[in-house]
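In terms of our numbering, the sequence shown opens at residue 785 and continues consecutively.
From the three backbone atoms N, C-alpha and C, an ideal C-beta is built for every residue, glycine too.
As the structure is a computational prediction, the values presented were derived from the model and not from experiment.
Here the structure comes first, spelled out in structure tokens, and everything after it is commentary.
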Amino acid sequence: MSLSAKKPIHIIVACSENRVIGKDGHLPWRIKEDLHYLFETVKDGVVIEGRRVYDEIKKEYPGTRTVVVTRNPELQFPEPILKASSLPEAVEKANSVKGYPTIWIGGGQSLYEEALAIADRLYLTLVHTEVEGDTFFPEWRSEFPKVVSERKSSNGKFDYTFLILERKS
Ligand SMILES: NC(=O)c1ccc[n+]([C@@H]2O[C@H](COP(=O)([O-])OP(=O)(O)OC[C@H]3O[C@@H](n4cnc5c(N)ncnc54)[C@H](OP(=O)(O)O)[C@@H]3O)[C@@H](O)[C@H]2O)c1
């Protein structure tokens, strides 16, 4: 059992009003400001992500460490990327990484679904549109009703709101 101290676990996601997060292995939109927000927010943290999310960019976000979750024992990732076969194992490994005080759940769908029960904060970019997609974020509103902060923005094509939410006490 790991003796390392437990880090806070936050979820970070951008989803549409109909809770779409992805289509054909990619984001359904291109919102530069949200990508910058993602990179800035997760900096200095440990990102836990599914194997398909990793396959999208195949490297760690700047200034972070990464744990990739896969059921495939054959898969190898370049150092210093860590590998886990389940979310609990990924959290244990993330907790043992020194100098990176926060754990970020970076998707995709099944990790978000599993993490909703254990995360203490949700960093949600709500994109005010309905899009077609094949991967979804779970319904969060009853679980994370407390708004810690809210900032509206737009890139001309999409309006979106950066929300930080906490779970009901
Ligand atoms: N909008 C956003 O903020 C956001 C964020 C992240 C991703 N996305 C989008 O979501 C899509 C990718 O997400 P996805 O849901 O398709 O895939 P994913 O979660 O990244 O990857 C799925 C794979 O991860 C592994 N995995 C997931 N949960 C696991 C568990 N509990 N235990 C062990 N292994 C597990 C399995 O890998 P193996 O098959 O190797 O066993 C599974 O096939 C893309 O379109 C991406 O652009 C959007």
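Tell me whether residue i counts as near ligand 1, meaning its Cβ is closer than 7 Å to at least one heavy atom of that ligand.
| i | result |
| --- | --- |
| His810 | yes |
| Gly891 | yes |
| Glu798 | The amino acid at residue 798 is misidentified as Glu; the sequence shows Ala. Flag set: Cβ of Ala798 near ligand 1. |
| Arg814 | no |
| Ile865 | no |
| Ser745 | Residue 745 falls outside the range modelled here, since the chain spans only 785 to 953, and no answer is possible. |
| Arg849 | no |
| Leu819 | no |
| Ser894 | yes |
| Gly829 | no |
| Ile805 | yes |
Does residue i pass the burial test, meaning 16 or more other C-beta atoms within 10 Å, or should it be called exposed?
| i | result |
| --- | --- |
| Asp808 | exposed |
| His912 | exposed |
| Met785 | Because Met785 sits at a pLDDT of 43, beneath the cut-off of 50, its placement in the model cannot be relied upon, and the following sentence gives the value as read from the coordinates. Result: exposed. |
| Ser933 | exposed |
| Val830 | buried |
| Lys843 | exposed |
| Lys816 | exposed |
| Val931 | exposed |
| Gly806 | buried |
| Leu866 | buried |
Would DSSP call residue i helix, strand or coil?
| i | result |
| --- | --- |
| Phe942 | coil |
| Leu957 | Lying outside 785 to 953, the shown extent of the chain, residue 957 is not represented and no answer is given. |
| Ser937 | strand |
| Ser869 | coil |
| Ile793 | strand |
| Ile902 | coil |
| Tyr907 | strand |
| Gly841 | A small correction: the amino acid at residue 841 is Ile; Gly does not occupy that position in the sequence shown. Helix, per DSSP. |
So that I know if they touch, is there some Cβ in chain D lying closer than 8 Å to that of residue i?
| i | result |
| --- | --- |
| Ala903 | In the structure shown, chain D cannot be found, because there is only a single protein chain. |
Among the options, which one has its Cα closest to the Cα of residue i?
| i | options | result |
| --- | --- | --- |
| Trp813 | Glu923, Val932 and Glu914 | Glu914 |
| Glu950 | Asp904, Glu873 and Ile832 | Asp904 |
| Val853 | Leu871, Ile902, Phe928 and Asp828 | Leu871 |
| Thr945 | His794, Ile793, Ala789 and Cys799 | Cys799 |
| Pro864 | Asn856, Asp918, Val881 and Glu876 | Val881 |
| Glu873 | Gly834, Glu858, Gln893 and Leu908 | Gly834 |
| Gly891 | Leu908, Glu876, Tyr884 and Pro885 | Leu908 |
| Tyr838 | Ala868, Pro885, His820 and Ser937 | Ala868 |
| Phe942 | Ala789, Glu801 and Ile796 | Glu801 |
| Ile795 | Pro846, Thr886 and Asn939 | Thr886 |
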